[in-house]
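In this note's numbering, the protein residues as written are 27 to 404. The next block holds one structure in the form of C-alpha cells; read it before the comments.
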Amino acid sequence: MRRTLLDESHQAFADAVAAFVAKEVLPHYEKWETEGIVDREAWRAAGRAGLLGLSVPEEYGGGGNTDYRYNAVLCEQIEGTPGLAIPLHSEVCGPYLTELCTEEQKQRWLPGFCTGDLVTAIAMTEPGAGSDLQGIKTTAVKDGDDWVINGSKTFITNGIHSDLVIVVAKTDKEAGHKGISLFAVERGMPGFERGRNLDKIGLHAQDTAELSFTDVRVPEQNLIGELNRGFYHLMHNLPQERLVIAIGAIARAERIFEQTLEYIKTRTAFGQPIGSFQNSRFVAAEIATELDVARAYVDRCIADHTERQLTASDAAKAKWWTTELSRKVIDQCLQLHGGYGFMEEYPVARAFRDARVSTIYGGTTEIMKEIVGRSLGL
C-alpha cells in the first residue's frame, strides 16, 4: 500500500539512518553478537550522527525535534540491529529526563545523553515482580538530605553500559501504587553493583543485566519527578514505550518478509522457484495482507502520538497485535526458507529468536489485552 504518513524529509532521514547502520553497525555486528555487548564507541558514533535525543531541546545538545515521525523512522531503521538500544535510550528513558527533570538535572544529564557519553536504562522489573509494578520490593528511605536505596532489578536493557539508571522504588510501603518514586542512580555510586550480562536465547548483542542496590545513597537532587508520583509518571510514558515496540515489530516483520520474497523467487525445488507453488503464494499473500493492515494501524498510532492524542488502550492494541504478528510472520518466513532458515547466517534465523521477547517486554500480551479490556468497561 502507498504509505502517506511520511514525506520526502522523513525519507531522507531514513536514508541517513540506514547509512549510519551500514557504516557503524553492520561491520561490527558479528563481533557484538559473539561478545554479548556492543562497543561503547558505537554509542558515541550515534551521538555524532545526531541520532540520540531527537526530541531533546537544542540548548541541551539535542535535535529539538517536535515531529514524532522522525523518531518513528529512527526506530524502524535501527530495528534490524538489536544491541544498539537507541530506542530504549531516546524514546523510553528520554521523556523522563526531558519532561520530569529540573533545570539543574537537565543541564547535568542531557548533554551527555545526546553525545552518547551517558547511556541510560530504566529499572522496573525485579526477580519477583514483572508486569505488576505495585509488587516491587526495592525501597528508598529518606536519611537527611539523601535517599538510601536497597533492592535488586533484573532483565535491565543497557544494564552493563548504563551510566544513569532510572530506578523505580517504593518510598511509602503502605501506600501501594501511590507510594512509588523514581530516582536517578549514577555509575560509581557506592553500593550500586551490576551482576552478570544475562545469557538470553536472543538479542545476544544487547547487554541485559541484573542490578543490585545495597545502601546506595542518592542525593535529593536525583529524585525524578514528584515524590510518590512515580507510578503516574510511568503510566504517562508507557504508551510511547509500547508504540516504540510496535514500530520495531512491524518494521522487523516487513524486512524479513522482503528478504523471504527474494529468497523464494530464486530458490528452486522440483525444477521451479519455490515461490511458484500455490502454498508459497498463499502464505505470501496472507503475510502481505496482514502486514499492510498492521502498518496502517501503526501509522495511525504514530500520527496520533505526533498530535499527542495516542491513548494507552490504542498503544496496547498496537503493541500486542504487532508483536504477535511479527512472531507469526517470521516463523512462516523461516518455514519458507526450509533448512536454511535454521542456519544462523540467515537473517530470518536471528529474527526468529530475537522477536520472541517482544511479546513479553514492555508489558506482556496478556497485560495489553487487560488494558484494552478495561478500556471497554469490562
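C-beta: ideal position from N, C-alpha, C; glycine also. For clarity, every value in this text was computed on a predicted model and none was experimentally measured.
For the 9 Å CB-CB criterion, Y323 and W346 do not form a contact. For the pair S178 and A195, the CB atoms are not nearer than the 9 Å cut-off. In the displayed model, G161 falls within a helix according to three-state DSSP. Measuring C-alpha to C-alpha distances from A44 to each of N184, E59 and L100 identifies L100 as the nearest. Secondary structure at V167: strand, using DSSP grouped into helix, strand and coil.
Here I328 is buried, its C-beta having at least 16 other C-beta atoms within 10 Å. Residue range T146 to A149 is occupied by the beta strand (DSSP E) that includes I148. Per DSSP, Q285 has no beta-bridge partner at all. Taken through DSSP and simplified to helix, strand or coil, Q304 comes out as helix.
With fewer than 16 other CB atoms across the displayed protein chains lying within 10 angstroms of its CB, K57 is exposed. With distances taken between CA atoms, V191 lies nearest to E219 out of E50, E219 and K354. Boundaries of the alpha helix (DSSP H) around R66: R66 to R74. Between the alpha carbons of A375 and L77 lies a distance of about 28 Å. Contact between H363 and T286 holds: CB atoms are separated by about 7 Å, below the 8 Å threshold. Take L126, set aside five residues on each side of it, and the residues of its chain with a beta-carbon closer than 7 Å to its own are I250, G251 and H259, in chain order. Taking C-alpha positions only, P216 is separated from R281 by approximately 44 Å. Counting C-beta pairs with one atom in each stretch, the segment 268 to 279 and the segment 333 to 352 have three or more that are closer than 8 Å, which means they touch. Distance from the Cα of Y94 is smallest, within the candidate group R326, E152 and R243, for R326. The beta carbon of K226 is closer than 7 Å to those of T234 in its chain, skipping five residues each way along the sequence. Distance from the Cα of R70 is smallest, within the candidate group L404, L80 and G138, for G138. Bridge partners of K196 according to DSSP: T165 and I206.
For K204, the number of other beta carbons within 10 angstroms of its own is below 16, and it is reported as exposed.
Between L159 and P265, the beta carbon gap of about 15 Å keeps them out of contact (Cβ cut-off 8 Å).
Here the alpha carbon of I104 sits roughly 35 Å from the alpha carbon of Q298.
Residues T183, N184 and Q232 of the same chain have their beta carbon placed closer than 7 Å to that of A111, with the five preceding and five following residues left out of the count.
Of A147, N305, Y96 and A75, the smallest CA-CA separation from G87 is found for A75. Proximity to Q133 across E85, Q304 and T151 peaks at E85, based on C-alpha coordinates.
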